[in-house]
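Residue numbers (this note's numbering): 2 to 243.
Glycine is no exception: its CB is placed at the ideal position from the N, C-alpha and C atoms.
For clarity, every value in this text was computed on a predicted model and none was experimentally measured.
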């Protein structure tokens with residue numbers, strides 16, 4: 002599982018990260034110190050489980066939990082805090098668990114184990130659903146409804162400022178689904194990631210323009226401008242043959 006730690010105290014994050022390295026099934030650990038930073042990570046990276054502190058600097062982990070509920074595919078979340086008085090409210094927000102500082106290894110392991118067992122069951126269901134979907138259409142959550150959009154219609158996907166935008170030939174949709182999710186959902190022969198915040202459809206690239214620091218700026222159908230960052234430059238060149 003890919004884990005996100007949200008806590009404004011570096012020492013607390015380091016302590017929990019150390020304990021998580023002793024838990025089975027943890028693939029990666031990412032850190033955030035603010036709600037906004039956490040939301041940016043959730044939209045650009047694949048996160049299965051988030052540990053949320055309650056009292057952040059001028060913010061609340063409880064507010065972040067509310068924002069997670071608005072995501073189409075939110076991660077499981079566990080509150081990890083020094084305050085025990087918020088437990089009832091935390092579970093009302095569908096928290097998977099509520100652990101108190103100072104953290105104990107066995108307590109953290111137990112919380113992770115329960116989430117991991119749920120994931121193992123849900124993986125089977127997701128694989129069955131994926132097999133039943135047609136390859137040419139993908140579901141997009143548009144506010145409170147799901148719309149099936151032809152993959153051929155998608156030009157690019159952008160994750161920025163807590164929102165994911167799906168640009169199509171006729172309309173732009175806004176969702177709370179992460180960019181990593183879309184990378185996994187879309188045909189890898191048709192789409193590729195070219196930036197931390199962008200995935201593009203290769204066949205819709207109309208122009209490749211040299212840009213800052215030896216990178217490129219792409220012009221897609223509809224005059225949509227997309228940057229190619231240095232970290233994706235090599236894979237982009239190989240994909241398009243330049």
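The three-state secondary structure of residue 2, taken from DSSP, is coil. Here DSSP, grouped into helix, strand and coil, assigns residue 27 to coil. In the DSSP assignment, residue 168 falls within the beta strand (DSSP E) that extends over 164 to 169.
Cβ contact annotation for residue 217 (same chain, cutoff 6 Å, sequence separation greater than five): 209, 229, in chain order. Using a Cβ distance threshold of 9 Å, residue 234 and residue 227 do not count as a contacting pair.
Here the segment 68 to 76 does not lie against the segment 200 to 208, with fewer than 3 beta-carbon pairs under 8 Å apart. For residue 57, the CB contacts under 6 Å within the same chain, skipping 5 residues up- and downstream, are 9 in chain order. Note on geometry: alpha-carbon atoms of residue 89 and residue 100 lie some 13 Å from one another. Membership of residue 156 in any alpha helix (DSSP H) is not indicated; the residue belongs instead to the beta strand (DSSP E) covering 155 to 161. Annotated three-state conformation of residue 105 is coil, per DSSP.
If you draw a straight line from the Cα of residue 71 to the Cα of residue 154, it is about 25 Å long.
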